[in-house]
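J.: Dumping the structure here so I can ask a few things about it.
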DNA sequence: GATTCTATCTCGCTG
DNA sequence: CAGCGAGGTAGAATC
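Protein chains in written order, with this note's numbering: chain F, 1395 to 1635; chain P, 1395 to 1635.
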C-alpha cells in the first residue's frame, strides 16, 4: 500500500503524475476544474466545474461531482486511459470499442493529483438476496403453501428458466417466481410468460399454477395477477427476527 | 476551489481531518486499509483491503476498490456521516432512516485524507435518449408508417402512460412504445399491458394496434410480439449520419 | 410517502 | 459475442 500526492501541479506535472500512476497500475485521482464530453451509446457535454476524476487500473473512469451516488460521467472497465496536454489544459481521454465510446475530461486547473497502490483480495458477502429467498423456500416449502413440493430450480421453459418448479398437494404443477423485494407489474409479466409457455406445452394447461413469492406487491401488480389467474404469497428473503 | 491533504496521518489526525472536511461541506476522500459492513435493504460484510472512501456533502458515501464502475459499498444521498476512533481504528459511520440502513467503514491504517471544496453549477446535457427518439418520431411520424398521426403523448391508460397515442390511415387507434436501444421481452410486456388496457375500455378491441419503435429487438421479444399481435418498427434515436 | 419507468444502467451468467 | 435477469440498482416524474 502506497500513496503519493502532488498539490497544485502545473499542467505538465499533472500530466506526468497521472501517467506515472497509470503505468504503475495505481488508482489515480485528479481534482480540479474541468469540462467533460462523452460520445458513445449516447452523447453528453458538461460545462466547467470542480470535480473529482478517478482512473482505475482496470480501465474504469469516474467523474464525480459533490452530489449523488452516480458519477456524472464515466467509462466502464477495459477502457484505455491517456493523459496529454493541449491548449494549456490537462486532457484525460478514455476510450474503448464494442461499443465505440470515448470520454474526454479537460482540466483548466488541477488542484491535486493522487495515486494509490490499491490491492483488495477480499470478496463482498451479501445476505438478503434472491438466492437467500430461494434457499429459505427450498428448506421450508410450506412457506409457499402446505403440501408444496419443489421438484427443480432454474427449470428451463421456452420463455426462460423458472425459479422453482414443483407440484402442489393435488398434484398440479406449480411455477414459483421469487423476488427479494416488493414487486411491480414487471415481475407479474415474467411469471405470466413462464406459465403461458408451460401451458402451451401441456395437455392440461388449466392445471398449471403460477405463484409469485415476494415480501409484498403493488396494487397494479395485484390486479395483473388476478387478471392472469396467478397467485401471490408473502415471504421475506430472510426470517424476521 | 481548494484542496487539502494529510498523508499517513495518525488515527486521531485522520478523524479530525475527516471531521473538518465534513463540517466545511467538502468532498472528503480517505484512502487506506479497511473493513466494511452494511445493514439495511440487505446486509453485507467485506474483509480487509485497500480502498478509497468518498464522502460527499450531500450525504453520499462511496467505497471504491481498484476494479469496477460500481462502488463495492455505498450509502445514498441524505445520510449522516460521522468519524470516530474506536479500538485504535478510524471508524466512519453513515446512516439514514426510511429505509433504515447504515454503513460502517473501519480503517486499520489510513494512508491519506483529502478534502476538496467542490462547486459545480453546470448541468449535464445528454443526447440520444428516449426523449430524443420521441421528438424524432413526432417530427416525422412517417418513420412509424405512412399515414400515422400522433394525437397525444404520455396518454394515460389504466396500465400507465402510453409514449405516443395516435391513429393510422384507416382510422385505427395506434399505441406506440419507444425504446432508445435494442429491446428484450420486458418492453413487449409493457406495450402489451397498454394495448390490453385500451382494448378492455373499447367496444372494438381488435382495431387497436400496438407498435414497438426501437433500433432492434431480440428473438424472444420478436416471438412475444407475434404471439400478442403486436408490431415492430426499426427507428434509431438519432438520425444515422 | 409510494409507484412507475428510464438508464451511456452495471454485473454476472449462459449459450 | 448476444441475451436474459438481478440489483442494497439510482434517479426522475408523477400521484
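The C-beta atom is built at its ideal place from N, Cα and C for all residues, glycine as well.
Quick one: which chain P residues come within Cβ less than 8 angstroms of residue 1519/F?
T.: Those are 1438, 1439 and 1440, listed as they occur along chain P.
J.: Given that residue 1375/P touches chain F, what residues does it touch there, using C-beta distances under 7 angstroms?
T.: Missing from the structure shown is residue 1375/P; chain P here goes from 1395 to 1635 and no further.
J.: Looking only at its own chain, which residues have a Cβ that is under 6 angstroms from the Cβ of residue 1512/F, when we skip the five neighbours before and after it?
T.: Excluding residues within five positions, the ones whose Cβ falls inside 6 angstroms are 1421.
J.: So residue 1569/P is in the beta strand (DSSP E); what residue range does that whole segment cover?
T.: Residue 1569/P -> beta strand (DSSP E) spans 1567–1572.
J.: Buried or exposed: where does residue 1444/P fall if 16 or more other Cβ atoms within 10 Å of its Cβ makes it buried?
T.: When all chains shown are included, residue 1444/P counts as buried.
J.: Please report the distance separating the alpha-carbon of residue 1415/P from that of residue 1439/P.
T.: Those two C-alpha atoms are separated by around 27 angstroms.
J.: Can you pull the chain F residues whose beta carbon is under 8 angstroms from the beta carbon of residue 1448/P, in chain order?
T.: Under the 8 angstroms cutoff, chain F gives 1446 and 1458.
J.: Assign residue 1409/F to one of three DSSP states: helix, strand, or coil.
T.: Note: residue 1409/F maps to helix in three-state DSSP.
J.: Only counting runs of 3 or more residues, tell me where the beta strand (DSSP E) segments fall wholly within the segment 1420–1466 of chain F, in order along the chain.
T.: 1421–1433, 1437–1449 and 1455–1458, all fully within the segment 1420–1466 of chain F.
J.: Using a beta-carbon distance cut-off of less than 9 angstroms, what residues from the segment 1504–1518 of chain P approach chain F?
T.: If the cut-off is 9 angstroms between Cβ atoms, the segment 1504–1518 of chain P has 1505, 1506, 1508, 1510, 1511, 1512, 1513, 1514, 1515, 1516, 1517 and 1518 near chain F.
J.: Checking contacts by CB at 9 angstroms: is residue 1542/F closer than that to chain P?
T.: It does not: the Cβ of residue 1542/F has no partner Cβ on chain P nearer than 9 angstroms.
J.: Spatial neighbours of residue 1537/P within its chain, please: CB distance less than 6 angstroms, with the 5 preceding and 5 following residues excluded, ordered by chain position.
T.: The answer, listed in chain order, is 1531 and 1629.
J.: Can you tell me whether residue 1397/F is buried or exposed, with buried defined as 16 or more other CB within 10 angstroms of its CB?
T.: Buried, because 16 or more other Cβ atoms sit within 10 Å of the Cβ of residue 1397/F.
J.: Find the nearest neighbour of residue 1516/F within the set 1522/P, 1591/P, 1427/P and 1586/P, judged by alpha-carbon distance.
T.: The shortest C-alpha separation from residue 1516/F is found at 1427/P.
J.: Taking Cβ to Cβ, would you say residue 1485/P is nearer than 9 angstroms to residue 1457/P?
T.: For residue 1485/P and residue 1457/P, no; Cβs fall outside 9 angstroms.
J.: Span of the beta strand (DSSP E) holding residue 1546/P?
T.: 1543–1551 is the span of the beta strand (DSSP E), which, as asked, contains residue 1546/P.
J.: Report yes if the C-beta distance between residue 1527/P and residue 1607/P is below 9 angstroms; otherwise report no.
T.: Contact flag set, yes.
J.: Exposed or buried, which one is residue 1529/F when buried takes at least 16 other CB atoms within 10 Å?
T.: It is exposed - the Cβ of residue 1529/F has fewer than 16 other Cβ atoms within 10 Å.
J.: Tell me the residue span of the beta strand (DSSP E) that contains residue 1511/F.
T.: Careful: residue 1511/F lies outside any beta strand (DSSP E) and carries neither H nor E.
J.: Residue 1576/P by DSSP, collapsed to three states: which one?
T.: In the structure shown, residue 1576/P sits in coil (DSSP, three-state: anything other than H, G, I, E or B).
J.: Comparing the C-beta of residue 1492/P with each C-beta of chain F, is any distance below 9 angstroms?
T.: It does not: the Cβ of residue 1492/P has no partner Cβ on chain F nearer than 9 angstroms.
J.: With DSSP as the reference, label residue 1533/F as helix, strand or coil.
T.: It is helical.
J.: Quick one: list the residues of chain F neighbouring residue 1466/P, beta-carbon separation under 7 angstroms, in chain order.
T.: Those within 7 angstroms of residue 1466/P in chain F are 1518.
J.: Tell me whether the beta-carbon of residue 1497/F lies closer than 9 angstroms to the beta-carbon of residue 1448/P.
T.: Going by C-beta atoms, residue 1497/F is not nearer than 9 angstroms to residue 1448/P.
J.: List, in chain order, every chain P residue whose beta-carbon is nearer than 7 angstroms to that of residue 1451/F.
T.: The contacting residues are 1460.
J.: Between the Cα of residue 1634/P and those of 1424/F, 1436/F and 1541/F, spot the shortest distance and give me the residue it belongs to.
T.: Residue 1634/P has its Cα closest to that of 1436/F, out of 1424/F, 1436/F and 1541/F.
J.: Among residues of its own chain, excluding the 5 on either side of residue 1611/P, which ones have a beta-carbon nearer than 6 angstroms to its beta-carbon?
T.: Taken in chain order, the residues that qualify are 1577 and 1626.
J.: Could you check which residue in 1477/F, 1463/F and 1402/F has the C-alpha nearest to that of residue 1413/F?
T.: Answer by Cα proximity: 1477/F.
J.: Nearest CA to the CA of residue 1493/P: which residue from 1472/P, 1487/P, 1535/P and 1462/P?
T.: Taking only the C-alpha atoms, the option nearest residue 1493/P is 1472/P.
J.: Say whether chain F places a C-beta atom closer than 9 angstroms to the C-beta of residue 1618/P.
T.: Chain F, which has a Cβ nearer than 9 angstroms to the Cβ of residue 1618/P, makes this yes.
J.: Just the chain P side, please: which residues come within less than 9 angstroms of residue 1423/F by C-beta, in chain order?
T.: Going along chain P in sequence order, the residues near residue 1423/F (Cβ under 9 angstroms) are 1423, 1425, 1446 and 1508.
J.: So which residues of chain P does residue 1399/F contact, with C-beta pairs closer than 8 angstroms?
T.: Within 8 angstroms Cβ-Cβ: 1399, 1401, 1506 and 1508.
J.: Along the segment 1467–1479 of chain F, what residues have a CB closer than 9 angstroms to any CB found in chain P?
T.: Answer in chain order: 1467, 1468, 1469, 1470 and 1471.
J.: Is it true that the CB of residue 1567/P sits closer than 9 angstroms to the CB of residue 1616/P?
T.: No.
J.: Within the 9 angstroms Cβ cut-off, does residue 1463/P reach chain F?
T.: Judged by the 9 angstroms Cβ criterion, residue 1463/P is in contact with chain F.
J.: Say whether chain P places a C-beta atom closer than 9 angstroms to the C-beta of residue 1396/F.
T.: Closer than 9 angstroms to some Cβ of chain P, the Cβ of residue 1396/F qualifies, so yes.
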